[in-house]
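Taking full-length UniProt numbering, the leading residue of the sequence shown gets 1, the next gets one more, and so forth.
We treat Cβ as the ideally placed atom computed from N, Cα and C, and that holds for glycine.
Read through the structure below, which is laid out as structure tokens, and then see the notes.
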Amino acid sequence: MGPDLESADARCSATPPRMNSEGDASSLNHYRRLAGQWEEEQHPHERLLSGLELVALRCWVGSQPEGTPVLDPLILDWLEAGEANQPEDWFHSQLRERGCCNHCGNRYKLENLAICTCCSITLCPFCVGKTDRQSSRYRRCECGGDWVG
Ligand SMILES: [Zn+2]
Ligand SMILES: [Zn+2]
């Protein structure tokens with residue numbers, strides 16, 4: 001292994017968006033389904049999110065206008081339980097980590113990247129802008145999820 005390894009280290013390779021097998025990847029339905037599984041199985045820790053997925057959930061919930069009726073109380077309970085399952089200050093330490101843009105491969109601190117609510121790929125602000133122009137109305141990932149963060 002030679003120079004290839006170095007360039008692979010500096011830039012990251014793209015991950016294809018994870019398409020939703022349920023056929024509906026809107027953030028709300030995605031989260032409702034996952035929170036529903038957690039509820040049905042009587043709150044196992046394995047059904048709680050962590051890492052990037054939990055950051056995306058927290059950002060998505062935070063980005064909903066106050067009093068939004070679509071915010072299912074179950075989703076909020078599930079988020080709270082997920083956060084309680086993390087070490088203190090997990091959110092800020094996670095944001096300080098470096099991630100890479102799935103489109104251009106450049107590295108950024110996670111706080112500067114947008115995360116897809118459904119497939120958890122990340123894009124830099126510049127590439128999110130490009131994605132934006134392709135879609136007609138909403139900022140959406142190819143998988144149907146929303147960009148948050
Ligand atoms: Zn980029
Ligand atoms: Zn996605």
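Option in the options with minimal Cα separation from residue i
i, options, result
"L48", "N29, W78, N112, A114", "W78"
"H30", "P44, S120, F126", "S120"
"L76", "V148, R32, C104, C100", "R32"
"residue 236", "W147, P65, C12, P44", "Lying before the first or after the last residue shown, residue 236 is absent from the chain, which here runs from 1 to 149."
"residue 151", "R58, C124, A81", "A query on residue 151 cannot be resolved here, the shown segment of the chain reaching from 1 to 149 and no further."
"C100", "T122, S50, V61", "T122"
"R11", "N106, E46, C127, L57", "N106"
"V61", "E80, G51, E46, H43", "E80"
Pairwise C-alpha distance: residue j and residue i
i, j, result
"N102", "Y108", "11 Å"
"A114", "N85", "23 Å"
"S63", "C104", "26 Å"
"L95", "V55", "8 Å"
"L57", "G129", "21 Å"
"P65", "S13", "35 Å"
"S135", "C127", "Because S135 sits at a pLDDT of 48, beneath the cut-off of 50, its placement in the model cannot be relied upon, and the point is left open."
"E53", "C59", "10 Å"
"Q42", "G82", "14 Å"
"C118", "S50", "13 Å"
"P87", "G149", "20 Å"
Same chain, Cβ closer than 6 Å to residue i, neighbours up to 5 away in sequence not counted
i, result
"C141", "P17, C116"
"M19", "C143"
Own chain residues within Cβ distance below 8 Å of residue i, not counting five before or after
i, result
"M1", "Unreliable positioning characterises M1 in this predicted model, as indicated by a pLDDT of 42, which lies under 50. The coordinate reading is nonetheless provided below. Closer than 8 Å at Cβ, skipping near neighbours: no residue."
"L74", "R32, A35, G36, E39"
"H45", "N85"
Own chain residues within Cβ distance below 7 Å of residue i, not counting five before or after
i, result
"S26", "G144"
"T15", "N102, I121"
When you compare the segment 87-97 with the segment 66-75, are there three or more beta-carbon pairs, one atom per stretch, that lie closer than 8 Å? No: fewer than three Cβ pairs fall under 8 Å.
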